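Novice: The structure under discussion is supplied below as structure tokens; questions concerning it will follow.
2 protein chains.
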Amino acid sequence: MSNAKVLPLLEPEAVAPCCPPLNERPMSADEAEVAAKMFKALGDPVRLRLFSAVASHEGGEACVCDISDVGVSQPTVSHHLKKLKEAGLLSSERRGTWVYYRVEPSVLAAMGALLSGAAKAA
Amino acid sequence: MSNAKVLPLLEPEAVAPCCPPLNERPMSADEAEVAAKMFKALGDPVRLRLFSAVASHEGGEACVCDISDVGVSQPTVSHHLKKLKEAGLLSSERRGTWVYYRVEPSVLAAMGALLSGAAKAA
DNA sequence: TGTCTATGTTGACGTCTATCGAAACAGGTG
DNA sequence: CACCTGTTTCGATAGACGTCAACATAGACA
Chain A
1392 MSNAKVLPLL
1402 EPEAVAPCCP
1412 PLNERPMSAD
1422 EAEVAAKMFK
1432 ALGDPVRLRL
1442 FSAVASHEGG
1452 EACVCDISDV
1462 GVSQPTVSHH
1472 LKKLKEAGLL
1482 SSERRGTWVY
1492 YRVEPSVLAA
1502 MGALLSGAAK
1512 AA
Chain B
1392 MSNAKVLPLL
1402 EPEAVAPCCP
1412 PLNERPMSAD
1422 EAEVAAKMFK
1432 ALGDPVRLRL
1442 FSAVASHEGG
1452 EACVCDISDV
1462 GVSQPTVSHH
1472 LKKLKEAGLL
1482 SSERRGTWVY
1492 YRVEPSVLAA
1502 MGALLSGAAK
1512 AA
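And the structure:
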């Protein structure tokens, strides 16, 4: 329904300031709530495999029919893809009969910087 | 009690091969299950704040009394810290009256590389 | 030595959300 | 219209989150 305004994560200017490096300073409650949604989206084996399948596919986009081989039913796959899309990690596009999912590099970079910064100083 | 053998994630040689970059190839079910546990551990706002508080503290270790200011009761804090420890992200050590938690750099680096690698190529 | 206080952990319980599959529905093609 | 792809709805099961109470462990003090 109101998917377009569920999260402001799709905007790059909303991603960058949301995630200071983990070791810089203690996260505030608001920052943690935003960042936790992204981590939670990847906190499921099925979603992680789906996301990896999309990210490793040619051009960073993949048809659902190519990544439905994760051991669960297709409705469940659609459900997980929807959650990844709501978290801002994927974006869907319909090209004729098939639906293609694509990764969001900005959000991925934000999460990587969040962890890499903490790993560097530790 | 039997904390030492809950997960083999504490060994660096178990961390490195568990997480190929997300965009290299589709994750297997076993790899995804291991990596999802780490992401799931950070998929909660309270845990994320606790982890950030430990990581940003002096020397990467912090007493529980210093990070209990997250808006929940202390038993809840202890529960979340236990989950972070079970995921291999933290390690606890008792120094007298107080208990100090410390970050595990190797696991953090693995997660960062997992995402940074995917962000680079995407 | 014995007791008392303080710090963290653990267990049990209630509540809430997540996950998954079966069936029905929308979108697009030949 | 018949067919296929993918989404949505609905309900049932399982697990996560949070608090209250009780239990270990370490130091203080008489």
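Residue numbers (the numbering used here), protein chains in the order written: chain A, 1392 to 1513; chain B, 1392 to 1513.
Backbone N, C-alpha and C define an ideal beta-carbon position, used for all residues, glycine too.
All values reported here derive from a predicted model rather than from experimental measurement.
Look at the alpha carbon of T1467 (chain A) and the alpha carbon of L1441 (chain A), and state the distance between them as a whole number of angstroms.
Specialist: 11 Å
Novice: Which word fits K1473 (chain A), buried or exposed, when buried means at least 16 other C-beta atoms lie within 10 angstroms of its C-beta?
Specialist: K1473 (chain A) is exposed by the Cβ-count criterion.
Novice: Could you check the C-alpha separation between A1427 (chain B) and L1433 (chain B) for me, to the nearest Å?
Specialist: 10 Å
Novice: Along the chain, where does the alpha helix (DSSP H) that runs through V1445 (chain A) open and close?
Specialist: Here the alpha helix (DSSP H) through V1445 (chain A) covers 1436–1447.
Novice: Counting along the chain, where does the alpha helix (DSSP H) carrying V1468 (chain A) start and finish?
Specialist: 1465–1477
Novice: Return helix, strand or coil for C1454 (chain B), following the three-state DSSP convention.
Specialist: strand
Novice: Quick check on the DSSP output: the beta strand (DSSP E) that includes V1494 (chain A) runs from which residue to which?
Specialist: 1489–1494
Novice: Along the segment 1477–1498 of chain A, where does the CB come closer than 7 Å to a CB of chain B? Name the residues.
Specialist: V1494, P1496
Novice: Can you tell me the Cβ-Cβ gap for P1436 (chain A) and E1424 (chain B), rounded? I've got them flagged as a contact below 8 Å.
Specialist: 5 Å
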